[in-house]
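The numbering of the sequence shown is this note's numbering, which starts it at 72 and goes up by one. Backbone N, C-alpha and C define an ideal beta-carbon position, used for all residues, glycine too. Note that the structure is predicted; figures quoted are calculated from it, not measured. Here the structure is laid out as structure tokens; the discussion comes afterwards.
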Amino acid sequence: MIFENECGTLNRVVGLCIIVMANGKVDFFNDTGGYGFIETDDADEDVFFHMEDVGGEDLTEGTEIEFDIEQAPKGPRAKNVVRQ
């Protein structure tokens, strides 16, 4: 996937750029903590998410989702997570 934004054309999370509408699947979910990680080809490492960015019922491992990726201080983080 190639994305176009104010940082130019990119296909990976770079610096503080945001990738819009990436695709992936839930690789791990901790229902007690309400967080997990997404496996995606649009980032070099799994992308962190918190249920505050999802809403609704908890996600389960293997669920396919769309999301935006932003570079947070601890690594890539998913925002605006939507179930496919």
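{"query": "Selected residue, minimal CA-CA separation from Ala45, among Phe119, Val152 and Glu137", "result": "The structure shown does not extend to residue 45, since the chain is modelled only from 72 to 155, so the question has no answer here."}
{"query": "Integer-rounded CB distance, given that Ile109 should sit under 8 angstroms from Asp117", "result": "6 angstroms"}
{"query": "Distance, Thr131 Cα to Phe100 Cα", "result": "6 angstroms"}
{"query": "Which listed residue (Ala143, Asp139, Asp129 and Glu128) has its alpha carbon closest to that of Val152", "result": "Asp139"}
{"query": "Burial state of Asp115, where buried means 16 or more other Cβ atoms lie within 10 Å", "result": "exposed"}
{"query": "Buried or exposed by the 16-neighbour rule on C-beta atoms within 10 Å, applied to Arg154", "result": "exposed"}
{"query": "Top-ranked residue by Cα proximity to Gly133, from Ile89, Val97 and Val91", "result": "Val97"}
{"query": "Counted within 10 angstroms of its Cβ, other Cβ atoms place Gly156 as buried (16 or more) or exposed", "result": "Only positions 72 to 155 of the chain appear in the structure, and residue 156 is not among them; the question remains open."}
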